[in-house]
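Enquirer: Take a look at this one; I'll ask things after.
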Amino acid sequence: MNAKEQEREKKKPSQESDAGTVDLIRELGLAMPGTNFDSNLQYISIIGSIEGHIALPMENKTTKYEHLIPQLIAVEENPNLKGLLVLLNTMGGDVEAGLALAEMISTLSKPTVSLVLGGGHSIGIPLATATDYSFIAGTATMTLHPIRTTGLVITAQATFDYMRKTQDRVVDFIAGHSRATRKKVTELMNCSDNMSNDVGTILFGKEAVEAGIIDAVGGVSQALAELHRRVEKAEHEL
Numbered sequence: 320m321n322a323k324e325q326e327r328e329k330k331k332p333s334q335e336s337d338a339g340t341v342d343l344i345r346e347l348g349l350a351m352p353g354t355n356f357d358s359n360l361q362y363i364s365i366i367g368s369i370e371g372h373i374a375l376p377m378e379n380k381t382t383k384y385e386h387l388i389p390q391l392i393a394v395e396e397n398p399n400l401k402g403l404l405v406l407l408n409t410m411g412g413d414v415e416a417g418l419a420l421a422e423m424i425s426t427l428s429k430p431t432v433s434l435v436l437g438g439g440h441s442i443g444i445p446l447a448t449a450t451d452y453s454f455i456a457g458t459a460t461m462t463l464h465p466i467r468t469t470g471l472v473i474t475a476q477a478t479f480d481y482m483r484k485t486q487d488r489v490v491d492f493i494a495g496h497s498r499a500t501r502k503k504v505t506e507l508m509n510c511s512d513n514m515s516n517d518v519g520t521i522l523f524g525k526e527a528v529e530a531g532i533i534d535a536v537g538g539v540s541q542a543l544a545e546l547h548r549r550v551e552k553a554e555h556e557l
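And the structure:
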């Protein structure tokens, strides 16, 4: 093997690693460069539309719930992971998929913190409140609105009862995992004078905190500091 062939052989592992990184970014939103350091925290991002049982068009930026489920299981099962930071910039999406992920996050035994950046709309609200403590950026927004559906709808009483019960699931989860009361969440959802072409309420960072939905206004450093504090407290209690 001559010198040129040896040089090509040396480059192969690096090229394969680069290809793997591209695949991770494309499929899971995970980036290796700059994050390949020792950490006892898991970071999960929830962005775009939360995709459920039906695949969205390729041009949509989505978070696939089947990708997040094993990551959340890993947080619980991996002894080297001591806490979870959830970063949200989502427009919402599939209600059942969002609630499934929110239930998983809320039932983790390890410390969890969420941070809403940009927006945490619709079903993104239960996901933001599912953690032990939540932050929202000052310029971020959250939109609460009634449960809606698209496509063919059978206009029977049972259909509307099901939609009402589904909305109750969302309201109960938010009220059960935040300082907001069920009455307050329902009022914000059904407000008719806050949005010009829709029913619901748009809350900016400070307003979301005042409503009791989010715990505090903050950014990355505040969220990480809170998570590290909770991890240290949990370890001392063992």
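Position 59 (the sequence shown) corresponds to 378 in the working numbering; numbering is contiguous.
Just so you know, even glycine gets a beta-carbon here, dropped at the ideal spot from N, CA and C.
(1) Got a sec, what are the start and stop residues for the alpha helix (DSSP H) Ile392 sits in?
(2) Restricting to Cα atoms, I'd like to know which of Val518, Leu543, Ile424 is closest to Leu507.
(3) Let's test the definition: count the other Cβ atoms within 10 Å of the Cβ of Ala350 and tell me whether it reaches 16, buried, or not, exposed.
(4) Which runs of the beta strand (DSSP E) fall wholly inside the stretch 398 to 429 and span at least 3 residues, in chain order?
(5) If we ignore side chains and look at the alpha-carbon of each, how far apart do Ala459 and Thr478 end up?
(6) May I have the straight-line CA-CA distance separating Gly411 from His440, to the nearest angstrom?
(7) Which residue comes first and which comes last in the alpha helix (DSSP H) that contains Gly531?
(8) For Thr520 and Leu360, what's the separation of their Cα atoms in angstroms?
(9) Is the stretch 534 to 552 in contact with the stretch 462 to 469, if contact means three or more CB pairs nearer than 8 Å?
(10) Express the C-alpha separation of Lys525 and Leu420 in angstroms, rounding to a whole number.
(11) For Ala447, collect the residues of the same chain with a Cβ closer than 7 Å to its Cβ; drop the 5 residues on either side in sequence, then sort them by chain order.
(12) DSSP puts Ser433 in a beta bridge; with which residues?
(13) To which residues of the same chain is Cys510 closer than 6 Å at the C-beta, ignoring the five residues directly before and after it?
(14) Please list, in chain order, all residues of the same chain as Leu546 whose beta carbon is under 7 Å from its beta carbon, the five residues on each side excluded.
(15) Taking Ile373 as the reference, give the member of Leu400, Asn399, Val414, Asp357 with the closest Cα.
(16) To the nearest angstrom, how far is the alpha carbon of Leu557 from that of Phe492?
Expert: Well, looking at it:
(1) The sequence position of residue 392 within the sequence shown is 73, counting from 1. From DSSP, the alpha helix (DSSP H) with Ile392 extends over 384 to 396.
(2) Indexing the sequence shown from 1 puts residue 507 at position 188. The shortest Cα separation from Leu507 among Val518, Leu543, Ile424 belongs to Val518.
(3) Counting from one through the sequence shown, the residue named residue 350 turns up at place 31. Only weak support is given to the placement of Ala350: the predicted model assigns it a pLDDT of 49, under 50, and the value that follows is read from those uncertain coordinates. Classification of Ala350: exposed, given that the 10 Å Cβ count is below 16.
(4) 402 to 412
(5) The residue you call residue 459 lines up with position 140 of the sequence shown. The residue you call residue 478 lines up with position 159 of the sequence shown. Between Ala459 and Thr478, the C-alpha separation is close to 34 Å.
(6) If you number the sequence shown from 1, residue 411 lands on position 92. If you number the sequence shown from 1, residue 440 lands on position 121. Approximately 5 Å, taken between the alpha carbons.
(7) Reading the sequence shown from its first residue, position 212 is the one you call residue 531. Careful: Gly531 lies outside any alpha helix (DSSP H) and carries neither H nor E.
(8) Walking along the sequence shown from the start, residue 520 turns up at place 201. Walking along the sequence shown from the start, residue 360 turns up at place 41. Rounded to whole angstroms, Thr520 to Leu360 spans 34 Å at the Cα level.
(9) no
(10) Mapped onto the sequence shown, residue 420 falls at position 101. Mapped onto the sequence shown, residue 525 falls at position 206. One C-alpha to the other measures close to 25 Å.
(11) Position 128 of the sequence shown, counted from the start, is the residue given in the question as residue 447. If we look at Ala447 and ignore the five residues flanking it on each side, its Cβ neighbours are Leu407, Ser433, Val435, Gly439, Ser453, Ile533.
(12) Within the sequence shown, the letter at position 114 stands for residue 433. DSSP lists Val405, Ser453 as partners of Ser433.
(13) Within the sequence shown, the letter at position 191 stands for residue 510. Here the set comprises Thr520.
(14) For the purposes of this step, residue 546 is identified with residue 227 of the sequence shown, where counting begins at 1. Excluding sequence neighbours, Leu546 sits near Leu360, Gly402, Leu404, Pro430, Val432.
(15) In the sequence shown, counting from the first residue as 1, residue 373 sits at position 54. It is Val414.
(16) Position 238 of the sequence shown, counted from the first residue, corresponds to residue 557. Position 173 of the sequence shown, counted from the first residue, corresponds to residue 492. C-alpha separation (whole angstroms): 29 Å.
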